[in-house]
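**Q** Following this message is one structure expressed as structure tokens.
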Amino acid sequence: MARRPKRLRLVTWNINSVRLRLARLADLAVALEPDVICLQETKVTDAEFPLREVRATGYRHIAIRGERGYNGVAILSRIALARIDGTPDWCGKGDCRHLAVDLDIPGAPVRLHNFYVPAGGDIPDPAANPKFRHKLDFVAEVTTWFGNGAASGGRQIIAGDLNIAPLPDDVWSHRQLLDVVSHTPVETGLLGQWQATAGGWIDTMRHFVPPPQKLYSWWSYRNRDWRLSDRGRRLDHIWVTPDMAGTLKAGQIMKDARDWPLASDHVPVCVEMLV
DNA sequence: ATGGTAGATATTCTA
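Below, the structure written as structure tokens:
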């Protein structure tokens, strides 16, 4: 007898401090009713992670990898999950930028990766800027890892703040951002190589909203009126392996979240699948 | 060309 497909609504959100924005997380849970939420920049150690408050929003299954003050990723789920141990220590830095879990969908498991790629600093020159060097090395290492078989063996999802806006219509001005970290050709080229692993990951937001429509997920705090100037970039992504193409049902970027009280500079990105 | 804001932490770093 055929298995009844399960709705999987997945959100990725750079929350920029989970402790500061717990109320916004609860709002997100009510507004979108995601089954799984991938968070980046939780900025909290595992010992200090607000587990009780997050469980109270309805997410009983939680995987966390955090450190003090910076970085930090978490996966919150209504679906049971099993954490994947032994993922690489990217660039040997011991920082908290990647979590992988298997979602317990009976008869149809899905592996989920949550990434927070280094932002890369201000100067797009790896010789002059170690943060940019780190970013390029990080993406290259991840690409090698997936290319060497980490992506083989079934359905997988990559979600997270990849800190790269790959397409010309993923930024407010392609021409003006070619020299700006997040949209330089070396970065978009490397991201393309990563995306080409696993037989070609599907960019789910662009599956639903193809170019030349503009699509952003981040607006700087430094713009006085973010909506008026609309100088956005699409830094947050959800990719799926090609064998999941038929599961994609809807996608949306929750732009209104940028106007929430005490907003993050990133907004939630959401995809719905029937898996 | 510059500086603008935000968060965690400690008076500076990261984004």
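Position 141 (the first sequence) corresponds to 141 in my numbering; numbering is contiguous.
Note that CB positions come from ideal geometry on N, CA and C, so glycine has one too.
A quick note: this is a predicted structure, and the numbers were derived from the prediction, not measured.
Could you give the DSSP three-state label for V36: helix, strand or coil?
**A** Residue state, collapsed to three classes: strand.
**Q** Grab me the residues of A29's own chain with a C-beta within less than 8 Å of its C-beta, minus the 5 sequence neighbours each way, in chain order.
**A** Closer than 8 Å at Cβ, skipping near neighbours: I37, T57, G58 and Y59.
**Q** Using 10 angstroms around the beta-carbon of N114, count the other beta-carbons present and answer buried if the total reaches 16, otherwise exposed.
**A** Buried.
**Q** Contact between the region 165 to 172 and the region 244 to 257: three or more CB pairs below 8 Å?
**A** These segments do not touch.
**Q** Since P115 is in the beta strand (DSSP E), which residue starts that stretch and which ends it?
**A** The sequence shown places Phe at residue 115, rather than the Pro named in the question. Looking at the DSSP string, the run of the beta strand (DSSP E) that includes F115 is V110 to Y116.
**Q** Taking contact to mean at least 3 C-beta pairs separated by less than 8 Å, is the region 94 to 108 in contact with the region 64 to 73?
**A** Flag = yes, the region 94 to 108 and the region 64 to 73 touch.
**Q** So, helix, strand or coil for D95, using DSSP?
**A** The answer is coil: DSSP assigns D95 none of H, G, I, E or B.
**Q** Would you tell me roughly how many angstroms separate the C-alpha atoms of P34 and V269, rounded to the nearest one?
**A** Those two C-alpha atoms are separated by around 11 Å.
**Q** Could you give the uninterrupted runs of the alpha helix (DSSP H) lying entirely in the region 118 to 161, keeping only those of 4 residues or more?
**A** Complete alpha helix (DSSP H) runs here, min 4: 130 to 145.
**Q** For my contact list, L81 and L103 are in at a C-beta cut-off of 8 Å; report their separation, rounded to the angstrom.
**A** The pair is a contact, with the Cβ atoms about 6 Å apart (cut-off 8 Å).
**Q** Inspect the beta-carbon positions of A198 and P242 and report whether they are closer than 9 Å.
**A** Going by C-beta atoms, A198 is nearer than 9 Å to P242.
**Q** Give a yes or no on whether the C-beta atoms belonging to I164 and V209 are separated by under 9 Å.
**A** No. Outside cutoff.
**Q** Is it true that the CB of H183 sits closer than 9 Å to the CB of A245?
**A** No.
**Q** Beta-carbon separation of T42 and V11 under 9 Å?
**A** Against a cut-off of 9 Å, the Cβ pair of V11 and T42 comes out as no contact.
**Q** Evaluate Y216 with the Cβ neighbour count: other Cβ atoms within 10 Å of its Cβ, from every protein chain shown; 16 or more gives buried, anything less gives exposed.
**A** With 16 or more Cβ atoms within 10 Å of its Cβ, Y216 is classed as buried.
**Q** Sorted by chain position, which residues of the same chain lie with C-beta nearer than 6 Å to P109's C-beta, five sequence neighbours on each side aside?
**A** D102, listed in sequence order.
**Q** In whole angstroms, what is the alpha-carbon distance linking L177 and W219?
**A** Spanning the two alpha carbons is a distance of roughly 14 Å.
**Q** On the criterion of 16 or more Cβ atoms from any shown chain inside 10 Å, does G66 qualify as buried, or is it exposed?
**A** With 16 or more Cβ atoms within 10 Å of its Cβ, G66 is classed as buried.
**Q** V181 lies in the alpha helix (DSSP H); which residues open and close that run?
**A** No alpha helix (DSSP H) holds V181; DSSP gives it neither H nor E.
**Q** Less than 7 Å between C-beta atoms, sequence neighbours within five positions excluded: which residues of the same chain meet that for V181?
**A** For V181, where only same-chain residues beyond five positions count, the Cβ hits under 7 Å are G120, G121, D122, P124 and F132.
**Q** With burial defined as no fewer than 16 other Cβ atoms inside 10 Å of the residue's Cβ, what is the status of N148: buried or exposed?
**A** Flag for N148 reads exposed.
**Q** Cβ atoms of A63 and R83: under 9 Å apart, would you say?
**A** Contact: yes.
**Q** Can you tell me the Cα-Cα spacing of V44 and L22, whole angstroms?
**A** Those two C-alpha atoms are separated by around 13 Å.
**Q** Would you identify the three-state DSSP class for S229, choosing helix, strand or coil?
**A** Correct three-state label for S229: helix.
**Q** CA-CA distance, T188 and G200?
**A** Whole-angstrom Cα-Cα distance: 15 Å.
**Q** Helix or strand or just coil, what does DSSP make of V209?
**A** Three-state result, V209: coil.
**Q** For A26, which three-state DSSP category applies?
**A** Three-state result, A26: helix.
**Q** Hey, quick one: how far does the alpha helix (DSSP H) through L51 stretch, first residue to last?
**A** L51 to A56 is the span of the alpha helix (DSSP H), which, as asked, contains L51.
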